[in-house]
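A.B. asks: Same order as they appear, the protein sequences are chains A and B. Its first residue numbered 1, the first sequence is counted upward by one per residue in our numbering. Its first residue numbered 1001, the second sequence is counted upward by one per residue in our numbering. No residue lacks a Cβ here, since even glycine has one placed at the ideal position from N, Cα and C. Here the structure is a predicted model, which means the values were calculated and not measured.
2 protein chains.
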Amino acid sequence: MSLNNGELSERKKLILKAIIDAHIENGEPVGSRYIMQNAQIAYSSATIRNEMAELEELGYLEQPHTSAGRVPSELGYRFYVDTMLSHYAMTQREIAELNNLMRVKQAEVDTILEQASKLASALTNYTGISVKPKPTAASISRFETVWVDSRSFILVMVTSTGVAKSKFVRLGFDASRETAARLAAALNANLAGLSADQITLPAIMRMEAAMGIDSVLVNPIIKCIYETMSELDDGDVRFEGINRLLQYPEYADIGRFKRLLGALEEKQDILDLVSGARADNVNIYIGSENTVDVMQNSSLIFKTVHRRGHTVGAIGIIGPCRMDYSRVVTMIEHLATQVSSMLDGDESQTNLLNGGEHNAGKG
Amino acid sequence: MSLNNGELSERKKLILKAIIDAHIENGEPVGSRYIMQNAQIAYSSATIRNEMAELEELGYLEQPHTSAGRVPSELGYRFYVDTMLSHYAMTQREIAELNNLMRVKQAEVDTILEQASKLASALTNYTGISVKPKPTAASISRFETVWVDSRSFILVMVTSTGVAKSKFVRLGFDASRETAARLAAALNANLAGLSADQITLPAIMRMEAAMGIDSVLVNPIIKCIYETMSELDDGDVRFEGINRLLQYPEYADIGRFKRLLGALEEKQDILDLVSGARADNVNIYIGSENTVDVMQNSSLIFKTVHRRGHTVGAIGIIGPCRMDYSRVVTMIEHLATQVSSMLDGDESQTNLLNGGEHNAGKG
DNA sequence: GTTTAGCACTTCACCTGTTTGAGTGCTAAA
DNA sequence: TTTAGCACTCAAACAGGTGAAGTGCTAAAC
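1. At a Cβ threshold of 8 Å, is Phe173/A touching chain B?
2. Are Asn1272/B and Arg1308/B closer than 8 Å when you measure CB to CB?
3. Any beta carbon of chain A sitting closer than 8 Å to that of Gly1128/B?
4. Can you tell me whether Glu1240/B is buried or exposed, with buried defined as 16 or more other CB within 10 angstroms of its CB?
5. Comparing the C-beta of Asn243/A with each C-beta of chain B, is any distance below 8 Å?
6. Could you tell me if Asp21/A is buried or exposed, where buried requires 16 or more neighbouring beta carbons within 10 angstroms of its beta carbon?
7. Looking at the C-beta of Ala1445/B, does it have a partner C-beta in chain A at a distance below 8 Å?
8. For Asn38/A, count neighbouring C-beta atoms within 10 Å of its own C-beta (all shown protein chains included) and say buried if the count is 16 or more, exposed if not.
9. Identify whether Ile1317/B lies in helix, strand or coil by the three-state DSSP scheme.
10. Using DSSP with H/G/I as helix, E/B as strand and the rest coil, what is Glu266/A?
11. Taking 6 Å as the limit between beta carbons, can you name the residues of its chain near Lys267/A, skipping five residues before and five after?
12. Determine whether the Cβ of Lys258/A lies closer than 8 Å to any Cβ atom of chain B.
13. Entirely within the segment 1264-1344 of chain B and at least 3 residues each: give me those beta strand (DSSP E) ranges in chain order.
14. For a test of the three-state rule: what should DSSP assign to Pro72/A, helix, strand or coil?
15. Under a three-way DSSP split, which group does Gly27/A fall into?
16. Alpha carbon to alpha carbon, how far is Leu58/A from Ser326/A?
17. Inspect the CB distances between the segment 120-129 of chain A and the segment 312-326 of chain A and report whether three or more fall short of 8 Å.
18. On the DSSP letters alone, give me the boundaries of the alpha helix (DSSP H) that Arg93/A sits inside.
19. Could you tell me which of Val1292/B, Phe1143/B, Thr1091/B and Leu1191/B sits nearest to Ala1180/B, measuring between CA atoms?
20. Along chain A, in chain order, which residues have C-beta atoms closer than 9 Å to that of Leu1246/B?
21. With a threshold of 8 Å between beta-carbons, can Glu178/A be considered close to chain B, or not?
22. Return helix, strand or coil for Arg1142/B, following the three-state DSSP convention.
23. Name the chain B residues whose beta carbon is nearer than 9 Å to that of Glu265/A?
24. Would the segment 269-288 of chain A and the segment 247-255 of chain A be scored as touching if the rule is three or more Cβ pairs under 8 Å?
25. Closer than 6 Å by C-beta to Asn359/A: which residues in its own chain qualify, once you throw out the five before and the five after it? Chain order, please.
26. Only counting the same chain, and skipping five residues up and downstream in sequence, which positions put a Cβ closer than 8 Å to that of Glu357/A?
27. Helix, strand or coil for Met157/A, going by three-state DSSP, please let me know.
28. Determine the closest residue to Ala42/A out of Gly31/A, Arg11/A and Met52/A, with distance taken between C-alpha atoms.
29. By alpha-carbon positions, which one of Ala116/A, Asn26/A, Tyr77/A and Ile35/A ends up nearest to Thr337/A?
30. Given that a residue counts as buried once 16 or more other Cβ atoms are within 10 Å of its Cβ, and exposed if not, what is Arg322/A?
31. Just confirm the distance between the C-beta atoms of Ile1301/B and Ile1332/B, as a whole number of angstroms; I'd bet it's less than 8 Å.
32. So, do the segment 52-67 of chain A and the segment 291-299 of chain A have three or more beta carbon pairs nearer to each other than 8 Å?
33. Can you check which of these residues, Asp1269/B, Asn1283/B and Gly1235/B, is closest to Pro1133/B by C-alpha distance?
34. Taking all protein chains shown into account, decide if Arg33/A is buried (16 or more other Cβ within 10 angstroms of its Cβ) or exposed.
35. Among the candidates Asp1293/B, Val1339/B and Met1295/B, whose CA atom is the shortest distance from the CA of Lys1303/B?
36. From which residue to which residue does the alpha helix (DSSP H) around Ile1041/B run?
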């Protein structure tokens, strides 16, 4: 029977693992006879049946209907993932494909994340996900104004994370050298050091009062800063290979798939999930552990990606609860690590940095 | 019988329209009796049956199986769309929602397109699509170098379409005022006027030779230009509300839906399609008219979006061939026009233009 | 006390044949 | 040229039967 401390006996663990492995393999409920024959378990089917019944009572297994085999419950998967995940050895081909990522042309973070997600999807055969979270921690550390001519300049906002946004600003009038200098100084004095959510109307009004500069000048710049911050503040979630999910019988029910798709388009939930995730390890959310409850019957596995110690995104996959966790975890682990080191190494090698569109006054 | 010139008799047209309307309405094969009763066609079911048989022979109708009603063929839909599309009058609510789009906060083109696509999806209940095509026509009209300090500057590339890209460039050494000036001049002399695909290795080598500047300086800039052009050159296709399609019986077959999804992820095909589309009107691709042949049984409807006379994108929807064309076409027409005028009006009102990320040397 | 063989029972999946209803094509009459 | 009538076709829905897989339980074996 069950041990007094509530832990599973070794034999139960063995049987549970065998059942989960088998189910992951073929997707069907697994019966006692199958376990007896295919796993190295030297007990009769009757004994295994008894253990299975107890495992079900403990919540690790479920039975679709009376005369069906057993299927792992979410608790079962969780236990499996937490305590008996075996190490997956990547094949040569997989390693090669992963290394290939390094050859990707130098690109901005977004592009790299997307590429990685695509690769994750291809390697695991699940839906890849790339997340660019809200950099809530980011604050503006300084402003630079670079004047193109007397009535237009590029406003560069450098954030504490080392990322900068630039905006092309055109004034309706000529600004003197002196005004220009005063502008930059005032911006730095009043807004530098503030985080995205601190740049609010009061802060701006304070600045406007303190600056003593024509509001005609300040106004468009304020608008510009606002915009930029909101752009910076916007997270994004992208998926690659949603169609891959359709090959799994778990999603043969079109209704369930539809609900999952709907949930995925509510990107905010996923952003929240990723924002609250651990940075040091692969995160695994199984079934209803997902806050998004429509995502039941699906697992979300991802790892955050870093650059110079800051989280700049996450990559992972979404698939049915029944998935080859050891393989997937290994893949995501490697991939995220690879991307992180790529982002860091990248920095030291080159001076070319990602830029953006401006609109020129005339062609 | 069929008229000698191959055109359909009025009665055939009437019956064809009645069948298509009915099929669009309820999605099922429509029979002769139904047409006789529900449409204003004062002939017996037998007569209608005869006409239907002929319409089938002419290719406008199809029969799923012997004892089923008729279903419009792609040719039938095409004929319907080309010659008998009735004007759809938008409801107050629809007009309100469309006008609401105008209130969207000032944002970059991408965001606006995406918003519009979302709205299109919501209004039509099909999958929205937003396309940012390759601006193949774009050429670089001039370069500007804006020096931040002696070893870093922002390289601004203004394209003929009035859009500009900026890149932050940091050199490993100090550049003299004179070198800086020579650089800008050389860039303009050798690369200005070239289109994206003309900036090739030969052109660059020519410039490198002609410039007579240290290649240490030229090298990172070349890299930078290359990158920028490829970014500029990259189109993008985005979808909103893919799950909406699943409500239609056309996509109840999970295999077909899977193939469609796969095709949609091959964004290049759609980019090509949009690039070759007419700019002045709503484009309708029905079923296998799509070059992407997996998209059979689906229609793609879109209209290009303009800014100052240049195509900057397209918005539309994807749905089953059986769709309420008149309604959808009206929607997309209005939406795209709205966005275009918004982009143009927007320009004249504000001086704030979309910018991008730079990476600062240090935080 | 633990394990196992044996057996009755349950449930689903599959196959079969039958019925039903919608819709057609054809023919002959109006 | 149109229409009423009728035989025919086919898919979908229904009902019953069979078999396989797998369980739970009991009693015997270790």
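C.D. replies: In short, the structure shows the following:
1. Numbered from its first residue, the first sequence carries residue 173/A at position 173. For Phe173/A, the answer is no, since every Cβ of chain B falls outside 8 Å of its Cβ.
2. Residue 1272/B sits at position 272 when you count from the first residue of the second sequence. Residue 1308/B sits at position 308 when you count from the first residue of the second sequence. A small fix is needed here, since residue 1272/B is Asp in this sequence, not Asn. Not a contact, by the Cβ cut-off of 8 Å.
3. Stepping through the second sequence from its first residue, residue 1128/B is reached at position 128. Judged by the 8 Å Cβ criterion, Gly1128/B is not in contact with chain A.
4. Looking up residue 1240/B in the second sequence gives position 240. Under this definition Glu1240/B is a buried residue.
5. Residue 243/A sits at position 243 when you count from the first residue of the first sequence. Closer than 8 Å to some Cβ of chain B, the Cβ of Asn243/A qualifies, so yes.
6. The sequence position of residue 21/A within the first sequence is 21, counting from 1. Asp21/A is buried by the Cβ-count criterion.
7. In this structure chain B extends from 1001 to 1363, so residue 1445/B is not present and cannot be described.
8. Here residue 38/A is taken as the residue at index 38 of the first sequence, counted from 1. With fewer than 16 other CB atoms across the displayed protein chains lying within 10 angstroms of its CB, Asn38/A is exposed.
9. The residue given as residue 1317/B occupies position 317 in the second sequence. In the structure shown, Ile1317/B sits in a strand (DSSP, three-state: E or B).
10. Stepping through the first sequence from its first residue, residue 266/A is reached at position 266. Here Glu266/A sits in coil by DSSP.
11. By 1-based counting over the first sequence, the position of residue 267/A is 267. If we look at Lys267/A and ignore the five residues flanking it on each side, its Cβ neighbours are Val237.
12. Taking the first sequence and counting its residues from 1, the one referred to as residue 258/A is at position 258. So, interface residue.
13. 1283-1286, 1298-1307 and 1310-1320
14. Residue 72/A sits at position 72 when you count from the first residue of the first sequence. Three-state result, Pro72/A: strand.
15. Against the first sequence, residue 27/A aligns to sequence position 27. Here Gly27/A sits in coil by DSSP.
16. The residue you call residue 58/A lines up with position 58 of the first sequence. The residue you call residue 326/A lines up with position 326 of the first sequence. Cα-Cα distance, rounded: 24 Å.
17. Output reads yes: the segment 312-326 of chain A touches the segment 120-129 of chain A.
18. As a working mapping, residue 93/A is identified with position 93 in the first sequence. Taken as a continuous stretch (DSSP letters only), the alpha helix (DSSP H) holding Arg93/A covers Gln92 to Asn100.
19. Position 180 of the second sequence, counted from the first residue, corresponds to residue 1180/B. Answer by Cα proximity: Phe1143/B.
20. As a working note, residue 1246/B is residue 246 in the second sequence. Near Leu1246/B (Cβ distances below 9 Å), the residues of chain A are Ile254, Gly255, Phe257, Lys258 and Leu261.
21. Taking the first residue of the first sequence as position 1, residue 178/A is located at position 178. No, Glu178/A does not count as interfacial toward chain B.
22. Within the second sequence, the letter at position 142 stands for residue 1142/B. Strand, per DSSP.
23. In the first sequence, counting from the first residue as 1, residue 265/A sits at position 265. Here the neighbours are Glu1240, Gly1241, Ile1242 and Asn1243.
24. no
25. Position 359 of the first sequence, counting from 1, holds the residue named residue 359/A. Residue placement at Asn359/A is poorly supported in this model, since its pLDDT is 42, which falls under 50; the coordinates still yield a value, given next. Here the set comprises nothing.
26. Working through the first sequence from its first residue, we reach residue 357/A at position 357. With a pLDDT of only 42 at Glu357/A, under the threshold of 50, the placement of this residue in the model should not be trusted, and no figure is reported.
27. The residue labelled residue 157/A in the question sits at position 157 within the first sequence. Looking at Met157/A - three-state DSSP - the assignment turns out to be strand.
28. Indexing the first sequence from 1 puts residue 42/A at position 42. Out of Gly31/A, Arg11/A and Met52/A, Arg11/A has the C-alpha closest to the C-alpha of Ala42/A.
29. As a working note, residue 337/A is residue 337 in the first sequence. The candidate whose alpha carbon is nearest that of Thr337/A is Ala116/A.
30. Within the first sequence, the letter at position 322 stands for residue 322/A. Buried is the call here.
31. Taking the second sequence and counting its residues from 1, one reaches residue 1301/B at position 301. Taking the second sequence and counting its residues from 1, one reaches residue 1332/B at position 332. Correct: roughly 6 Å between the Cβ atoms.
32. no
33. For this step, residue 1133/B is matched to residue 133 along the second sequence. Measuring from the Cα of Pro1133/B, the nearest candidate turns out to be Gly1235/B.
34. Working through the first sequence from its first residue, we reach residue 33/A at position 33. The residue is exposed, with fewer than 16 neighbouring Cβ atoms inside 10 Å.
35. The sequence position of residue 1303/B within the second sequence is 303, counting from 1. Minimum Cα distance to Lys1303/B is reached at Val1339/B.
36. As a working note, residue 1041/B is residue 41 in the second sequence. Premise fails: Ile1041/B is in no alpha helix (DSSP H) and is neither H nor E.
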